[in-house]
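What follows is one structure encoded as structure tokens, with my remarks underneath.
Protein chains in written order, with my numbering: chain A, 12 to 123; chain B, 927 to 1453.
Below, the structure written as structure tokens:
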């Protein structure tokens, strides 16, 4: 058993300093999309809503409603419309209220 | 599909068919479907079960006419004829509420008889008490089922126990310790020694098979991957292969190579996680930390190579979706695997650790065979079956794995099998990785020159996941939507061996060790 103690001490501390310092491995994580309003037509928005398997996307008139809390970062919307949906790179998604996770994106330059 | 003539189940018809498999090799494809009149089913089961290398891999049911009230039920038995490198599916139409008992001949079929009763309301003849295995006790007549509700609810049956002195049932779960799945053990004990153990696995029932009905295969794949998160690649490969068999799709070679690399990476991280769990269960915290460092590094390899720590999004219908970072694989995998190797070497030289594993949780080869167990659990008991070797799909037909096996059937044997498989996975990744591997999807039937379209409306798929053989079967309607999807992760087979392993002269504190060595999931069975 002392050998195990020595092994442990020799290996050292591998825990990262996150959140005090950014974790370099975070760049490997899939992240929810960010949508480009100028590329979002109504038809494209409907296709994105249809392709989302976790119902994170919906329509409210001329607005694409995106529930980040329901998003699993599966990438299907980005594959369907790479011109309109990009990787956000954002994984720090904690919010203090549920409604803060709901994003509304106006379609195609139309007013919100 | 071949139809077995009435009365020929035990006669020359079936016998000749089975003998012909050995002679013909791969003639006619790796899956044969046989229609068996239900009156001949028991005779057919006896004949097939006696065939060398035959293993009952799954039993499931589906409604013949889902839109019709009172529709008859089709009972399907999937047999692994491992020595003949073939799967045999028998289909029998059941009209009425009962069918001939399968578990009287193949005891391992009892769990499925219970599940079919809960989901379809049809019962194996003989009146044997049935356990609750799939649906929770509050699943009333309106509960979403694949068929119709049973006339009577199954009871939570406890077999009578006769022990010298006093015995009581110690309830453990379903809420267990942190981050561990919901599972109930009833531990029957006289104080310390375990006399018997009951498992109730229905707490995590999510109705996945029910939910997949009406979906396209692409929509369904999202749910199949997440049915058992630790088996995303194995289970999604089996499901995709079933759909591809139905549609006559043949994925391109580079996509199959990508799938195989992902499958071996999945095996690696699962075996590292099992190593950590073994250390945790024996109280060796530094060993646990060492194995968890290996696990974390392997998960980061997955993310660097395929874009997801748990390898979601790799398999697609018709091929592979994710691009593969081969440079990251070459640079990152050796260091990550080295962590596991060093931890394992230290563990195998720690006598106090090995003492807890040796002769603990013994599962005999006879029990493994009788229950139809798969994967490292079976191989550690001397049953050297492996779908990569016995039913090789590309690229395993070209890159053949060395099947690791032991004889002792105890926790130490299972640990040794996992370590040997991890080494073999690294070797396979190296070899397969030298070929072209990457995304690619098959053309639909008839889309390419000289490509005959041979779609059927159903198909069987399989893959050797880290826990063992994962099976899937799908039936599609004319519009390509799912009418029935059967998912059979390896955990479904192997939980039925857990109580046997726990009963073999073990004490309470051995149970977490045995559970770690099985490394199953409740999610994989409660689907």
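All residues carry an ideal CB built from backbone N, CA and C; glycine is no exception. None of the values given here were measured: they were computed from a predicted structure.
If we cut at 9 Å on Cβ distances, does residue 76 of chain A have a partner in chain B?
-> Chain B contact via Cβ: absent.
**Study point:** Reference residue 999 of chain B; option with closest CA among B/981, B/1021, B/983
**Key:** When each option's Cα is compared against that of residue 999 of chain B, the closest is B/1021.
Quick one: is residue 117 of chain A near chain B, going by C-beta distance under 9 Å? With 9 Å as the cut-off, residue 117 of chain A does not count as an interface residue toward chain B.
* Asked: residue 45 of chain A versus chain B: which residues are under 8 Å apart at the beta carbon?
  -> Listed along chain B is no residue with a C-beta nearer than 8 Å to that of residue 45 of chain A; the closest approach is about 17 Å.
Give me the Cα-Cα distance between residue 985 of chain B and residue 1030 of chain B, rounded to the nearest whole angstrom.
In a straight line, the C-alpha of residue 985 of chain B is about 14 Å away from that of residue 1030 of chain B.
- Item | Residues near residue 1040 of chain B in its chain [Cβ-Cβ closer than 8 Å; skip 5 each side] | Excluding sequence neighbours, residue 1040 of chain B sits near 1056, 1057, 1058, 1059, 1060, 1080.
Original post:
For residue 55 of chain A, which of helix, strand or coil comes out of DSSP?
Top reply: Reduced to three states, the DSSP call for residue 55 of chain A is helix.
**Asked** What distance in whole Å lies between the Cβ atoms of residue 1167 of chain B and residue 1388 of chain B, which are believed to be in contact at a cut-off of 8 Å?
**Response** Confirmed, about 7 Å.
### Query
Roughly how many angstroms separate the alpha carbons of residue 1428 of chain B and residue 111 of chain A, rounded to a whole number?
Rounded to the nearest angstrom, the two C-alpha atoms are 49 Å apart.
For the beta strand (DSSP E) that contains residue 1408 of chain B, what are its first and last residues?
Where residue 1408 of chain B is concerned, the enclosing beta strand (DSSP E) stretches over 1408-1414.
Fill in: Against chain B: residues of the segment 12-30 of chain A by CB proximity under 8 Å
Listed in sequence order: 12, 14, 15, 16, 18, 19, 22, 25.
| In chain order, what residues of the same chain lie with their CB nearer than 6 Å to the CB of residue 1199 of chain B, ignoring the 5 residues before and after it? | Correct list, in chain order: 1221.
ask   = Between the segment 95-112 of chain A and chain B, which residues of the former have CB atoms less than 9 Å from a CB of the latter, in chain order?
value = Going along the segment 95-112 of chain A in chain order, one finds no residue with a Cβ nearer than 9 Å to chain B.
Inset, instruction - List the residues of chain B that residue 39 of chain A touches, going by C-beta distances under 7 Å, in chain order. - result: Per Cβ cutoff of 7 Å: 1226, 1229, 1230.
(request) Can you pull the chain A residues whose beta carbon is under 8 Å from the beta carbon of residue 1145 of chain B, in chain order? (result) Going along chain A in sequence order, the residues near residue 1145 of chain B (Cβ under 8 Å) are 64.
Between the C-alpha atoms of residue 1048 of chain B and residue 964 of chain B, what's the straight-line distance to the nearest angstrom?
Their Cα atoms are separated by approximately 13 Å.
Worksheet item: Using 8 Å as the Cβ pair cut-off and three pairs as the minimum, do the segment 1144-1157 of chain B and the segment 1413-1423 of chain B touch?
Response: Taking 8 Å as the limit for Cβ pairs, the verdict is that the segment 1413-1423 of chain B does touch the segment 1144-1157 of chain B.
Worksheet item: Can residue 1294 of chain B and residue 1423 of chain B be called in contact, C-beta distance under 9 Å?
Response: Residue 1294 of chain B places its beta carbon less than 9 Å from that of residue 1423 of chain B.
ask   = Between residue 1225 of chain B and residue 1249 of chain B, what straight-line distance do the alpha-carbon atoms span, to the nearest angstrom?
value = Approximately 17 Å between the Cα atoms of the pair.
Contacts that residue 85 of chain A makes with chain B (C-beta to C-beta distance below 8 Å): Within 8 Å Cβ-Cβ: 1148, 1238, 1239.
Neighbour list for residue 1233 of chain B in chain A, Cβ cutoff strictly below 7 Å: Contact note: residue 1233 of chain B reaches chain A through 41, using a C-beta cutoff of 7 Å and chain order.
**OP:** Could you check the C-alpha separation between residue 48 of chain A and residue 1453 of chain B for me, to the nearest Å?
**Re:** Computed Cα separation, rounded: 39 Å.
**Asked** Between residue 16 of chain A and residue 29 of chain A, what straight-line distance do the alpha-carbon atoms span, to the nearest angstrom?
**Response** Rounded to whole angstroms, residue 16 of chain A and residue 29 of chain A show a C-alpha spacing of 26 Å.
Please name the residue or residues paired with residue 1027 of chain B in a DSSP beta bridge.
Beta-bridge pairing links residue 1027 of chain B to no other residue.
Going by DSSP in three states, residue 961 of chain B sits in which element: helix, strand or coil? Residue 961 of chain B falls in the strand class under three-state DSSP.
Listed from N- to C-terminal order along the chain, which residues in the segment 1282-1308 of chain B have their beta-carbon within a distance smaller than 8 Å of any beta-carbon of chain A? Going along the segment 1282-1308 of chain B in chain order, one finds no residue with a Cβ nearer than 8 Å to chain A.
Note to self: Here's a check: name, in chain order, each residue in its chain whose Cβ is nearer than 7 Å to the Cβ of residue 953 of chain B, leaving out the five neighbours to either side.
What the structure shows: Only weak support exists for where residue 953 of chain B lies, its pLDDT of 47 falling under 50; the coordinates are left without a value.
**Prompt:** Does the beta carbon of residue 1247 of chain B come closer than 9 Å to any beta carbon on chain A?
**Reply:** Yes, its Cβ sits closer than 9 Å to a Cβ of chain A.
Please return the same chain residues whose Cβ sits closer than 7 Å to the Cβ of residue 84 of chain A, not counting the five positions on each side in sequence.
Excluding residues within five positions, the ones whose Cβ falls inside 7 Å are 41, 42, 43.
Just checking residue 1257 of chain B against the ligand NAP - is the residue's beta carbon closer than 8 Å to any of the ligand's heavy atoms?
Annotation note on the ligand NAP: not contained in the displayed structure, which lists no ligands.
Any beta carbon of chain A sitting closer than 9 Å to that of residue 1153 of chain B?
It does not: the Cβ of residue 1153 of chain B has no partner Cβ on chain A nearer than 9 Å.
Checklist entry - Interface residues of chain B around residue 36 of chain A at Cβ under 8 Å? => result The contacting residues are 1226, 1229.
How far does the alpha helix (DSSP H) with residue 1258 of chain B in it extend, from its first residue to its last? For residue 1258 of chain B, the enclosing alpha helix (DSSP H) has its first and last residue at 1252-1274.
Report task. Please work out which residues of its chain come closer than 6 Å, Cβ to Cβ, to residue 950 of chain B, disregarding the five sequence neighbours upstream and downstream, and give them in chain order. Result -> Any reading at residue 950 of chain B needs caution, since the residue's pLDDT is 49, under 50, leaving its predicted position unreliable; the model's value is listed next. So no residue of the chain qualifies.
* To do: Using a Cβ cut-off of 8 Å, pull out every chain A residue sitting near residue 1105 of chain B, in sequence order please.
  => Simply none; closest approach about 18 Å.
Look at residue 1241 of chain B and residue 1185 of chain B and say whether their C-beta atoms are less than 9 Å apart. The answer is yes: Cβ separation under 9 Å.
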